[in-house]
Amino acid sequence: MRYHSDLNWLLKSPELLQLDKNISAQDLISLCEAESDFTFQQTYRLGLYFEQLWAHLINGSNDLELLHKNLQIIIDKQTYGEFDSIIGFQDKIVHCELAVKFYLKIGTGSLLSDWVGPNLKDRFDDKYNRIFDHQLVLSELPELQIWLKDKKIHIDVKRLLTRGRLFYPYREFIEQEFSFPKEINAKHDKGFWVHYSKLDGLLKDCDLQWYQLPRFYWLAEIDRVDDKLLPVEKDFSGFSLQKIVALKDGKEVMRGFVVNDDWLNKAQQRVAD
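Right, here's the structure in full:
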């Protein structure tokens with residue numbers, strides 16, 4: 577299983593966003609280790625898997641206590657959202673939000689709105705605004721302060737943990753011409769995207785082994801081939817987007833998305849909205 581690799585990836589991969597030290601969860605991460613005895617609860621959502629990884633790390637730390645996870649906030653039948661994690665740390669209670677995201681550059685790249693998620697529902701500026709204008713300020717709402725007091729929870733500090741990868745047009749990726757918004761950490765993980773019409777040339781152009789990348793292999797780099805890594809699908813009639821990875825001697829070299837006209841046209845419209 578890849579759990580241990582994914583735990584290490586969560587600990588050691590760079591932040592996706594450029595975060596001030598007062599909001600970064602680095603002080604919490606530094607107290608965690610990637611223990612291998614991870615009990616995984618089946619889910620089809622990568623974000624929920626990421627939250628399980630985080631909870632496992634916190635529970636395995638001698639210096640941290642996971643007081644609440646995915647704590648839903650419902651007041652008078654109105655749902656306000658949820659706290660991803662509430663953690664005891666030294667003499668403080670920490671509200672830590674989590675975000676693991678993957679975006680493809682469709683516009684010029686200088687604005688968050690130039691980046692869209694693989695499912696096209698998610699655009700980077702929308703997610704960024706929701707994190708800072710909604711998720712991180714929940715505890716400041718007067719009605720939530722009363723709700724928290726009733727539950728004997730007092731939030732002392734807030735933290736944010738961001739992980740993920742940005743995918744650039746293939747030529748820009750190969751030539752390392754990276755244009756990204758000021759809100760992004762310059763050391764973020766990077767990949768590429770390419771149109772389906774270029775796929776054959778890509779597969780033949782270099783001495784690499786190419787595979788489809790299953791959804792739950794999107795986090796840590798690939799360091800060995802197993803039966804979940806299937807050959808790249810060249811017939812694109814059945815789907816509009818495919819995640820692929822290139823290996824050399826069993827080690828990952830690069831990864832990216834292959835997209836068709838339908839996906840690309842919708843992505844361009846999503847950027848223009």
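Residue numbers for the sequence shown follow my numbering, so the first one is 577 and each next one is one higher.
For glycine and all other residues, C-beta sits at the position ideal for the given N, C-alpha and C.
From a predicted model like this one, the values you see are computed outputs, not experimental measurements.
Limits of the alpha helix (DSSP H) - the one that residue i falls within
i: Trp769; result: Premise fails: Trp769 lies in the beta strand (DSSP E), 765-771, not in any alpha helix (DSSP H).
i: Glu627; result: 622-635
i: Leu587; result: 579-588
i: Phe700; result: 700-706
i: Leu647; result: Run containing Leu647: none in the alpha helix (DSSP H); it sits in the beta strand (DSSP E), 640-651.
i: Gly664; result: Not the alpha helix (DSSP H): Gly664 falls in the beta strand (DSSP E), residues 654-665.
i: Lys780; result: 775-780
Given residue i as reference, the closest of the options once Cα atoms are compared
i: Asp811; options: Pro745, Asp776, Lys668; result: Asp776
i: Asp582; options: Gly740, Ile750, Tyr704, Val808; result: Gly740
i: Asp667; options: His730, Asp781, Gly767; result: His730
i: Ser637; options: Arg621, His644, Phe665, Asn761; result: Phe665
i: Ser852; options: Asp660, Tyr744, Gln721, Asp726; result: The structure shown does not extend to residue 852, since the chain spans only 577 to 849, so no value can be given for it.
i: Trp839; options: Lys763, Ala762, Pro694; result: Pro694
i: Ala822; options: Asp837, Ser813, Leu806, Asn836; result: Leu806
i: Leu622; options: Val801, Glu797, Arg791, Ile820; result: Arg791
i: Gly767; options: Tyr787, Leu742, Leu784; result: Leu742
Short Cβ contact (8 Å threshold) for residue i with residue j
i: Glu673; j: Leu624; result: no
i: Tyr704; j: Glu759; result: yes
i: Asp701; j: Val692; result: no
i: Val770; j: Val847; result: no
i: Lys827; j: Asp799; result: yes
i: Leu714; j: Tyr656; result: yes
i: Leu586; j: Leu640; result: no
i: Pro757; j: Leu696; result: no
i: Asp765; j: Ser589; result: yes
DSSP bridge partner residues for residue i (one or two, in chain order)
i: Pro745; result: Trp769
i: Ile722; result: According to DSSP, Ile722 bridges with nothing at all.
i: Cys539; result: A query on residue 539 cannot be resolved here, the shown segment of the chain reaching from 577 to 849 and no further.
Contact belief for residue i with residue j at Cβ below 8 Å, rounded distance in angstroms
i: Glu719; j: Ile651; result: 6 Å
i: Ile663; j: Leu604; result: 7 Å
i: Ser661; j: Lys645; result: 5 Å
i: Phe578; j: Tyr772; result: Inspection of the sequence shows that residue 578 is occupied by Arg rather than by Phe. Arg578 to Tyr772, Cβ: 28 Å. No contact.
i: Asp732; j: Val670; result: 7 Å
Where the beta strand (DSSP E) containing residue i begins and where it ends
i: Gln844; result: Note, Gln844: premise wrong, no beta strand (DSSP E); alpha helix (DSSP H) at 837-848.
i: Ile605; result: It is not in any beta strand (DSSP E) - Ile605 instead sits in the alpha helix (DSSP H) that spans 602-605.
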